[in-house]
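Numbering (the numbering used here), first residue to last: 18 to 377.
What follows is the structure in structure tokens.
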């Protein structure tokens, strides 16, 4: 009974939020504010709390990296977004394509909205509206090509490979050589046991089995991220689990030789450019930002989806013993510099402002 009341209360709030925003947007159109509005505000609609947490982090990092921080505003509720736009104006940025239906029914014109686009589920809400928006900020080259092949006008699609925090912009010459790094293999992701879709695409069971295999081979394995202590009993005692403050992440990445990402579906993940800029060897499935960073990189290796943990295990053992990588490591790192710059949040915030606000 209590749960039913809580759900009813939540739905009532959502409905009031949508109706209130619709009324404000009607007044916005009635007073013809669109025609006279020259505001340079970026108004992000991000109705997320912890799921997906990364989208809130992305907007905060874009804002922190911009020279125009005062123009960045984030809103959890449609009504507060509509009221702010009515008073001060601005361009709307949906922090995920699944929000487009809500924005549309709340009275926002799709042609005035831009969206951050990342991997989508089949029949996801909002995906049918994607071609009607102003700009689509696309997270990786694969999805960029997918949108183009879906008959979406190319001038609407913006290459937007999110993203590398300034803490990871380190001089290549200051990175440790591989042989001097403490950990042989690392995984970097959260563990969320209450999200079935997330656990499937991240392949938690695969990571657990692979970590244990690597540990049996006397390799030092690290899992970096929140929540893994919940299932510590499933992991070998020799697998390290760390969940430090984000400011400590760069030092940890720079102390690992090989970064692994066995995910089935990704927009990024954001940990991939973090590992890439930290000088790690990359082992990843062909997903997300691997299409931007790894295809022509001598320290990156794409592993098919359909192979088992033992294939990963053997590949990692082979890389640990690879003399060519150690001998040419500095040269291989130098070739990463151009790609690292492209995924920095400073570059991305400039790109966002240029495309949404026509800042030059």
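Every residue, glycine too, gets a C-beta built ideally from N, C-alpha and C.
- Restricted to the stretch 38 to 102, the beta strand (DSSP E) segments that are unbroken, complete and at least 3 residues in length are 59 to 62, 89 to 92, listed in chain order.
- For residue 208, the CB contacts under 6 Å within the same chain, skipping 5 residues up- and downstream, are 244, 245 in chain order.
- Contact between residue 41 and residue 96 holds: their C-beta atoms lie close to 7 Å from each other, under 8 Å.
- By DSSP's assignment, residue 154 forms a beta bridge with 133, 175.
- Considering only 333, 283, 279, the residue with the shortest C-alpha distance to residue 237 is 333.
- For residue 274, the uninterrupted beta strand (DSSP E) segment begins and ends at 273 to 278.
- In this model, residue 91 and residue 73 are separated by some 9 Å (Cα to Cα).
- When the beta-carbon positions are compared, residue 164 and residue 174 come within less than 8 Å of each other.
- Per the coordinates, the alpha-carbon of residue 135 lies some 31 Å from the alpha-carbon of residue 200.
- The alpha-carbon separation between residue 260 and residue 241 amounts to approximately 6 Å.
- Take residue 186, set aside five residues on each side of it, and the residues of its chain with a beta-carbon closer than 8 Å to its own are 294, 357, 361, in chain order.
- If you draw a straight line from the Cα of residue 127 to the Cα of residue 300, it comes to about 39 Å.
- A straight-line Cα-Cα distance of about 32 Å links residue 284 and residue 254.
- Non-local C-beta neighbours of residue 247 in its own chain, meaning closer than 7 Å and more than five positions away in sequence, comprise 208, 210, ordered along the chain.
- With fewer than 16 other CB atoms across the displayed protein chains lying within 10 angstroms of its CB, residue 213 is exposed.
- Judged by their CB atoms, residue 86 and residue 93 are not nearer to each other than the 8 Å cut-off.
- Put simply, of 203, 218, 159, 344 the residue whose alpha carbon is nearest the alpha carbon of residue 194 is 344.
- The straight-line gap separating the alpha-carbon atoms of residue 197 and residue 336 is approximately 15 Å.
- In the structure shown, residue 348 falls within a helical segment according to DSSP collapsed to helix, strand and coil.
- In this structure residue 286 is in contact with residue 305, their Cβ atoms being roughly 6 Å apart against a cut-off of 8 Å.
- In this model, residue 282 and residue 157 are separated by some 12 Å (Cα to Cα).
- Contact annotation: residue 82 and residue 370 have beta-carbon atoms that are not nearer than 8 Å.
- Beta-bridge partners assigned by DSSP to residue 108: 59.
- Apart from the 5 residues on each side of it in sequence, residue 37 sits with its Cβ closer than 8 Å to the Cβ of 95, 96, 99 in its chain, given in chain order.
- DSSP places residue 252 outside any alpha helix (DSSP H), giving it a letter other than H or E.
- Going by beta carbons, residue 117 and residue 108 fall outside the 8 Å limit.
- Checking the DSSP bridge columns, you'll see residue 202 partnered with 238, 275.
- Non-local C-beta neighbours of residue 155 in its own chain, meaning closer than 7 Å and more than five positions away in sequence, comprise 134, 161, 164, 174, 175, 176, 177, ordered along the chain.
- The C-beta distance from residue 122 to residue 45 rounds to 15 Å, too long to meet the 8 Å contact threshold.
- DSSP places residue 259 within a strand segment (E or B) once states are collapsed to three.
- In this structure, DSSP gives residue 181 an extended state, which the three-state scheme calls strand.
- Counting only residues of its own chain and dropping the five nearest sequence neighbours on each side, residue 218 has a CB closer than 7 Å to the CB of 280, 281, 282.
- CA-CA distance, residue 191 to residue 277, rounds to 23 Å.
- By the criterion of a C-beta distance shorter than 6 Å, residue 363 is surrounded in its chain by 82, once the five residues flanking it on both sides are discounted.
- With distances taken between CA atoms, residue 234 lies nearest to 330 out of 29, 39, 330.
- Rounded to the nearest whole angstrom, the CA to CA distance from residue 225 to residue 251 is 7 Å.
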